[in-house]
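What follows is one structure encoded as structure tokens, with my remarks underneath.
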Amino acid sequence: MVPKLITIDLDGTLLRNDCTIAPTVRKAILTCLNTSKTFFVPCTGRSYQNSRFVLGDFPAFPYYINANGTTVTEGSSGTLLHASTLPLETGCAVYSLAREYKTFIEIYHGLTAYDGAAGRQNLKESSCSKDYISQLLYTNTHLESLDDFVFDKKHPISKFHIVCVSQREKQELKQRLSRIPGVFPISTTDFNIEICREGWSKREGLIRLCQILHISPEETAAIGDSENDYEMLQWAGCGIAMGNAAPEIKKAADYITGSNEEEGIIHALKYLGLL
Numbered sequence: 077m078v079p080k081l082i083t084i085d086l087d088g089t090l091l092r093n094d095c096t097i098a099p100t101v102r103k104a105i106l107t108c109l110n111t112s113k114t115f116f117v118p119c120t121g122r123s124y125q126n127s128r129f130v131l132g133d134f135p136a137f138p139y140y141i142n143a144n145g146t147t148v149t150e151g152s153s154g155t156l157l158h159a160s161t162l163p164l165e166t167g168c169a170v171y172s173l174a175r176e177y178k179t180f181i182e183i184y185h186g187l188t189a190y191d192g193a194a195g196r197q198n199l200k201e202s203s204c205s206k207d208y209i210s211q212l213l214y215t216n217t218h219l220e221s222l223d224d225f226v227f228d229k230k231h232p233i234s235k236f237h238i239v240c241v242s243q244r245e246k247q248e249l250k251q252r253l254s255r256i257p258g259v260f261p262i263s264t265t266d267f268n269i270e271i272c273r274e275g276w277s278k279r280e281g282l283i284r285l286c287q288i289l290h291i292s293p294e295e296t297a298a299i300g301d302s303e304n305d306y307e308m309l310q311w312a313g314c315g316i317a318m319g320n321a322a323p324e325i326k327k328a329a330d331y332i333t334g335s336n337e338e339e340g341i342i343h344a345l346k347y348l349g350l351l
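Counting with our numbering, you get residues 77 to 351 for the letters of the sequence shown.
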């Protein structure tokens with residue numbers, strides 16, 4: 077059965093390692109958008125504004141699931157349909173701990189993400205690729221410091237994305253963060269830490285969107301590669317892991333396609349009966 081809705085992760089899935097989309101993959105998705113009634117929904121750790129920028133060669137998708145499922149947005153209008161946020165005291169505790177280390181701290185609030193000057197400098201010293209850094213920072217709101225944003229204005233935070241310059245510090249920070257009540261940090265790369273509200277993942281964002289559209293799990297498919305894709309691949313009627321996916325992600329999948337460098341998305345779409 078052709079799914080009514082497909083969620084597609086970006087980094088490591090739709091995007092190649094240089095953060096671009098293969099022309100053949102772009103053409104295949106555009107073909108599906110023009111010939112099928114299936115909802116194609118980007119589902120990513122990135123913010124809504126950043127995913128719109130990265131996917132600028134496409135017309136607006138009908139919906140976007142962002143910040144690891146904590147925000148669900150109507151595509152063309154940017155109307156926020158759902159947002160899950162951390163308790164204020166939890167956000168303050170996470171930020172206070174993360175800034176003790178040499179880190180880039182990215183705070184997701186609403187449709188975009190915020191960063192500070194010291195963090196931006198640390199990001200340049202990290203092992204992140206220049207392509208990734210350029211994309212990541214392009215749509216962010218750049219502040220001199222995040223202190224006022226967190227401690228004084230007390231903005232609700234959907235997600236923390238923390239990049240550590242040192243691997244040793246990353247492991248230490250991740251362990252310390254996990255001791256904060258209600259915090260379960262995950263890593264989607266060797267150098268980062270991501271934190272959302274307790275029990276929240278891309279799965280919950282997908283569930284909220286399916287409730288709005290009256291679509292059952294059996295009528296959905298999800299494609300991904302990283303730790304933050306695990307729950308949604310398990311929940312979807314058909315979970316598809318990329319060839320470059322982590323071993324535990326492949327175990328959660330119903331089908332394993334090619335890698336993000338091998339037109340894996342095209343093979344997945346053929347498997348789902350869309351091409």
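Glycine included, C-beta positions come from ideal geometry on N, C-alpha and C. If you're wondering where the values come from, they're calculated on a predicted model, not measured in any experiment.
- With a 10 Å radius around the Cβ and a threshold of 16 neighbouring Cβ atoms, Gly-300 comes out buried.
- The alpha-carbon separation between Phe-225 and His-231 amounts to approximately 6 angstroms.
- Ala-169 sits in a helix when the DSSP states are folded into three classes.
- Contact annotation: Ala-322 and Glu-337 have beta-carbon atoms that are not nearer than 8 angstroms.
- Ranking Cys-204, Pro-118, Arg-122 and Arg-252 by CA distance to the CA of Ala-136 puts Pro-118 first.
- The three-state secondary structure of Asn-110, taken from DSSP, is helix.
- For Asp-191, the enclosing beta strand (DSSP E) covers residues 188 to 192.
- Per DSSP, Lys-235 lies in no alpha helix (DSSP H) segment; the continuous beta strand (DSSP E) that holds it begins and ends at 235 to 240.
- Residue pairing by DSSP places Ala-321 opposite no residue, since no beta bridge is assigned to it.
- A Cβ-Cβ contact shorter than 8 angstroms links Lys-278 with Met-308.
- For Asn-304, no beta strand (DSSP E) encloses it, and the DSSP letter there is neither H nor E.
- Sorting Glu-270, Thr-96, Ile-316 and Arg-244 by C-alpha distance to the C-alpha of Tyr-171 places Glu-270 at the top.
- For Tyr-140, the three-state secondary structure derived from DSSP is strand.
- Residue environment for Pro-79: buried (at least 16 other C-beta atoms within 10 angstroms of its C-beta).
- In this structure, Phe-267 sits near Cys-240, with a CB-CB distance shorter than 8 angstroms.
- Annotated three-state conformation of Phe-225 is helix, per DSSP.
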